[in-house]
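Throughout the sequence shown, residue numbering follows our numbering, covering 10 to 393 in sequence. The block underneath contains the structure these notes are about, expressed in structure tokens.
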Amino acid sequence: MNFQEIFEPPALREVTLRVAKLNGVNLGQGVCLLPSPEIILDAANTAVHKGFNTYAPPQGIESLRVAIAKRLNTFNRIPYETENVLVTAGSTGALEVVSETLLQAGDEVVLFRPFYPYHSKMFARKGVKINFVELKYPDWNFDPDELARAITPNTKLVLVNTPHNPTGKVFTESELQFIGDHCVKRNIPVISDEVYEYMTYDGRKHISMASLPGLQDVVLTVGSYSKTFAITGWRIGYLAAPLSMINNFRTLNDQIYVCAPTPLQHAVAKGIEELPDSYYENRLAEYASKRAYLHEALSSAGFNALKPQGAYYMLAGTSEKFPGMTSEQVSDLLIDKAHLGAVPASDFLGSVVKGDTKRSNFLRFCYAVPDETLERAKQNLAKI
Ligand SMILES: Cc1ncc(COP(=O)(O)O)c(C=O)c1O
Numbered sequence: 010m011n012f013q014e015i016f017e018p019p020a021l022r023e024v025t026l027r028v029a030k031l032n033g034v035n036l037g038q039g040v041c042l043l044p045s046p047e048i049i050l051d052a053a054n055t056a057v058h059k060g061f062n063t064y065a066p067p068q069g070i071e072s073l074r075v076a077i078a079k080r081l082n083t084f085n086r087i088p089y090e091t092e093n094v095l096v097t098a099g100s101t102g103a104l105e106v107v108s109e110t111l112l113q114a115g116d117e118v119v120l121f122r123p124f125y126p127y128h129s130k131m132f133a134r135k136g137v138k139i140n141f142v143e144l145k146y147p148d149w150n151f152d153p154d155e156l157a158r159a160i161t162p163n164t165k166l167v168l169v170n171t172p173h174n175p176t177g178k179v180f181t182e183s184e185l186q187f188i189g190d191h192c193v194k195r196n197i198p199v200i201s202d203e204v205y206e207y208m209t210y211d212g213r214k215h216i217s218m219a220s221l222p223g224l225q226d227v228v229l230t231v232g233s234y235s236k237t238f239a240i241t242g243w244r245i246g247y248l249a250a251p252l253s254m255i256n257n258f259r260t261l262n263d264q265i266y267v268c269a270p271t272p273l274q275h276a277v278a279k280g281i282e283e284l285p286d287s288y289y290e291n292r293l294a295e296y297a298s299k300r301a302y303l304h305e306a307l308s309s310a311g312f313n314a315l316k317p318q319g320a321y322y323m324l325a326g327t328s329e330k331f332p333g334m335t336s337e338q339v340s341d342l343l344i345d346k347a348h349l350g351a352v353p354a355s356d357f358l359g360s361v362v363k364g365d366t367k368r369s370n371f372l373r374f375c376y377a378v379p380d381e382t383l384e385r386a387k388q389n390l391a392k393i
């Protein structure tokens, strides 16, 4: 990825604007339009009125760090203490702090492709070289030798995202152990971006890399309540890291963001403390049902829809229905004819493969939307 690409707006932005103008259905951006739990909305209101409106400590308020550490112990099986937790401005804030602390221009990093564009752009901004490891369509497996080759003497960081955006891949325990063992051997930190940790389907279990044997000293776990509580605009995320590194990350968090929004930290703490397991189970069941609905809608419209293992995006192959067309062209056609927004593959592959119809033959649809929106999408799909 070159520097110029950083400033190229993703196709996703244009899709959003065009669909809004047509009053169409936007399944492009992953904004997460589901209702947020009442308990945290009330708690935010209370926190604001109680006067929690000034700066929080740069590491985050104590009650939230305690609550996150408990979840890390129980759900993620990572034996961390409160001191290992840094509250950040969304997981984006956590990623930025790590990148700013650990990377310098000329360094190398390893990233799986397709990728979440913020990951690649963050690295490009730092002027580092990205060595890509390909997740292979349609199972999204990777070649272990390719990973071993991608890690060079200049590699300063590896980034893994599970469940993965955009493919939905849930990395298996042996894949994570393999990646982690390589990082241990070469003494390279690895970011594990786990913002979709509660969204794994068909009985799959989310595995946190830092919970695996021997990996705790190299893994930097990045999490967020954006998706879990459907509060993408609140900007509450976290970084959980070994004590040897957390102080530097806290300093950078202070310098870049000062702190995450104080009253909203109080509200999220309350949500974590008080929402029962059934909250997470019910959300997952809702997502599973939306996944089934969208899969059926896209398949019957002639797309090669792939059921994701996790997260809340569905990739749909376009080459059978629209042979020879790039994903950008199919995305344009969907907007014009069906008033339906989806993100073309080029956003997740970068310029290397832009316009290459062999590789860029899919669109990404987000189903974190109300059922009525999915129903409208299905009706609109019938128009193509
Ligand atoms: C893989 C991944 N990581 C991080 C983020 C950023 O989330 P946050 O709102 O916590 O900054 C997203 C958002 O779409 C994402 O898909």
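Where a beta carbon is used, it is the ideal one built from N, C-alpha and C, also for glycine.
The beta carbon of residue 239 sits closer than 7 Å to those of 41, 43, 44 and 45, all from its chain and outside the five residues before and after it, given in chain order. In the same chain as residue 343, and ignoring 5 residues on each side of it, the C-beta atoms closer than 7 Å to its own belong to 349, 351 and 393, in chain order. Following the DSSP letters along the chain, one finds residue 258 inside the alpha helix (DSSP H) bounded by residues 252-266. About 5 Å separates the CB atoms of residue 142 and residue 121; that is less than 8 Å, so the two are in contact.
Between ligand 1 and residue 339, a heavy atom-to-CB distance of less than 7 Å is absent. Nearest to residue 86 by alpha-carbon distance, out of 388, 161, 53 and 230, is 230. Under the three-state reduction of DSSP output, residue 72 falls in the helix class. Pairing residue 325 with residue 66, the inter-Cα distance amounts to about 44 Å. Look at residue 41 here: in three-state DSSP terms it is coil, with no helix or strand label. Relative to the non-hydrogen atoms of ligand 1, the Cβ of residue 202 comes within a distance shorter than 7 Å of at least one. Here residue 374 is buried, its C-beta having at least 16 other C-beta atoms within 10 Å.
Secondary structure note for residue 323: its beta strand (DSSP E) is the uninterrupted segment 322-326.
For the alpha helix (DSSP H) assignment, the uninterrupted runs of no fewer than 4 residues enclosed by the region 292-363 are, from N- to C-terminal side, 336-347 and 355-358. Assignment of residue 86 by DSSP, reduced to helix, strand and coil, places it in the coil class. With contacts defined as CB atoms closer than 8 Å, residue 327 and residue 372 qualify as a contacting pair.
In this structure, the straight-line span from the alpha carbon of residue 278 to that of residue 242 is close to 16 Å. Taking C-alpha positions only, residue 300 is separated from residue 294 by approximately 10 Å.
In this structure, residue 125 has its beta carbon less than 7 Å from a heavy atom of ligand 1. Per DSSP, the unbroken beta strand (DSSP E) holding residue 170 starts and ends at 164-170.
When DSSP states are grouped into helix, strand and coil, residue 180 belongs to the coil group. Within 10 angstroms of the beta-carbon of residue 389 lie 16 or more other beta-carbons, which makes it buried. Between residue 354 and residue 370, the C-beta gap is smaller than 8 Å, which places the two residues in contact. Beta-bridge partners assigned by DSSP to residue 209: 319. DSSP links residue 234 through a beta bridge to no other residue. Under the three-state reduction of DSSP, residue 187 is assigned to helix. For residue 132, the enclosing alpha helix (DSSP H) begins and ends at 126-135. Secondary structure at residue 154: helix, using DSSP grouped into helix, strand and coil. Your pair residue 164 and residue 119 checks out as a contact, with CB atoms roughly 6 Å apart and the cut at 8 Å.
Counting of Cβ neighbours within 10 angstroms places residue 59 among the exposed residues, the total staying below 16. In the three-state reduction of the DSSP assignment, residue 241 falls in the coil class. Cβ-Cβ separation between residue 172 and residue 39: approximately 12 Å, too far for a contact (criterion under 8 Å). Relative to the non-hydrogen atoms of ligand 1, the Cβ of residue 241 comes within a distance shorter than 7 Å of at least one. DSSP places residue 279 inside the alpha helix (DSSP H), whose first and last residues are 271-283. Taking 8 Å as the upper bound for CB-CB distance, residue 98 and residue 276 are not in contact here, some 15 Å apart. With a threshold of 7 Å, the Cβ atom of residue 171 does not count as near ligand 1, since no heavy atom of the ligand is closer than that.
By the CB criterion at 8 Å, residue 176 and residue 207 fall outside the cutoff.
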